[in-house]
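Going letter by letter, the sequence shown gives residues 1 to 129 in UniProt numbering. Heads up, the beta-carbon is just placed ideally off N, CA and C, and yes, glycines get one too.
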Amino acid sequence: MAIIQHEISINRTPDEVWAVLGEFGGLDTWMDGVESCVVTGKTRDIEIAGGMKVSEDEVARDDANRSYSYTVNGHGLPVEKWLSTVAVEAQGDGSRATWTLEMEPDDFAEGIAGIYKGALDTLKAHVEG
């Protein structure tokens with residue numbers, strides 16, 4: 001099993017960063033390539049540029065500690081486990097945002113984790129304005 005974590009420092013308060021990253025249905029407001037993100041209950045259905053659709057289920061949330069975890073379904077990859085966790089914590093006068101991927105088997109982990117790294121870069125640009 002692969003466990004890969006990317007993190008980024010953001011020059012905003014943890015609450016400011018969490019207001020964006022913590023919005024489970026808000027990916028289409030800041031993440032490149034996301035055409036739409038619709039939440040029903042604890043499931044978000046995402047449409048990505050080019051027509052690909054992915055369904056993700058929120059499996060844990062801790063707003064007090066600014067984190068949530070989700071599983072990814074309907075991706076079409078031969079993956080037994082796909083668990084992702086996003087989190088925001090204080091770092092000096094700003095924040096550190098992390099995106100962790102646990103995947104089994106690990107054949108696609110590096111590529112998927114690269115998407116998460118790009119998303120964190122976009123998040124930083126969006127939040128810092």
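Near residue i, which residues of its chain fall below 6 Å by C-beta distance, leaving aside the five closest residues on each side in sequence?
i    : result
G117 : Looking at the sequence itself, residue 117 is Lys, so the reference to Gly does not match. Taken in chain order, the residues that qualify are H6.
How would you label residue i, buried or exposed, when you count the other beta carbons within 10 angstroms and need 16 or more for buried?
i    : result
E56  : buried
L77  : exposed
V88  : buried
G22  : buried
M31  : buried
M103 : buried
A90  : exposed
I3   : exposed
Report the rounded CA-to-CA distance for residue i versus residue j, giving the unit in angstroms.
i           : j    : result
V39         : T100 : 22 Å
residue 130 : V127 : Because the chain is modelled from 1 through 129, residue 130 falls outside the range shown and cannot be assessed.
V72         : T13  : 29 Å
M1          : F108 : 11 Å
D93         : D121 : 19 Å
W18         : I8   : 13 Å
V86         : F24  : 10 Å
S95         : V20  : 13 Å
A60         : S84  : 10 Å
V79         : P105 : 6 Å
R66         : K81  : 23 Å
A49         : K42  : 23 Å
Looking only at its chain, what residues have a beta carbon closer than 8 Å to the beta carbon of residue i, apart from the 5 residues adjacent to it on each side?
i    : result
L27  : V34, C37, R44, I46
A125 : none
Opposite residue i in the DSSP bridges: which residues?
i    : result
N73  : S55
R96  : S9, E89
L101 : I4, S84
V39  : R44
By the DSSP assignment, the beta strand (DSSP E) with residue i in it spans what residues?
i   : result
G33 : First-last for G33: undefined, no H or E at that position.
K81 : 81-91
From the beta carbon of residue i, is the nearest beta carbon of chain C less than 7 Å away?
i    : result
K117 : Absent from the structure is chain C; it holds one protein chain and no more.
Grab the span of the alpha helix (DSSP H) containing residue i for me, first residue to last.
i    : result
A64  : First-last for A64: undefined, no H or E at that position.
G118 : 109-128
Ordered along the chain, which non-local residues of its own chain (more than five positions away) have a Cβ less than 7 Å from that of residue i?
i    : result
A113 : I4, H6, L101
E58  : F24, K42, Y68, Y70
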